[in-house]
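Residue numbers (the working numbering): 1 to 130. Some notes on the structure that comes next.
Given below as structure tokens:
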């Protein structure tokens, strides 16, 4: 019984954004920001994207993370907005090209606008601030 419970917990954990990414998004958006969710690969993105769009248009802080298809399944994008209106997009790759094996990378871009794309590869299109 315990083994089944542990397997179920591992499956659920795989559906969540990596802790490093989730913590970064929370620190950017603020601890009281709206959590619009974490969407695993092939999961339904619509409600998470609708949540982020709604929070953004209402002027509220939010955070969201979405897993993308890549060479491995450990590529994630995240978006965050703080209560002052600052926007960021974060990229997380567990095994990025050119790095030592299993060396994760986390990068963050400041954005003047974030567009949510519902079809194709990348979901978050950051219009960078210069």
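For glycine and all other residues, C-beta sits at the position ideal for the given N, C-alpha and C. No experiment lies behind these values; they were computed from the predicted model shown.
- Between residue 27 and residue 91, the alpha-carbon positions lie close to 15 angstroms from each other.
- According to the DSSP assignment, residue 127 belongs to the beta strand (DSSP E) that extends over 124-128.
- Rounded to whole angstroms, the separation of the alpha carbons of residue 39 and residue 114 is 18 angstroms.
- Contact between residue 19 and residue 106 does not hold, since their C-beta atoms are separated by about 11 angstroms, which reaches or exceeds 8 angstroms.
- Residue 46 and residue 128 have their alpha carbons spaced roughly 24 angstroms apart.
- Per DSSP, residue 54 is one residue of the alpha helix (DSSP H) stretching across 46-57.
- Leaving aside the five residues that flank residue 16 on each side, the residues in its chain whose CB is nearer than 6 angstroms to its CB run, in chain order, 38.
- The residues 66, 77, 78, 79, 89, 114, 115, 116, 117, in chain order, have a CB closer than 8 angstroms to that of residue 124 in the same chain once the five nearest residues on each side in sequence are set aside.
- Residue burial is scored here from C-beta neighbours: residue 83 has fewer than 16 other C-beta atoms within 10 angstroms and is therefore classed as exposed.
- Assigned with DSSP and collapsed to three states, residue 38 falls in strand.
- Under a 10 Å Cβ-count criterion, residue 56 is classified as buried, with 16 or more other Cβ atoms of the shown protein chains found around its own Cβ.
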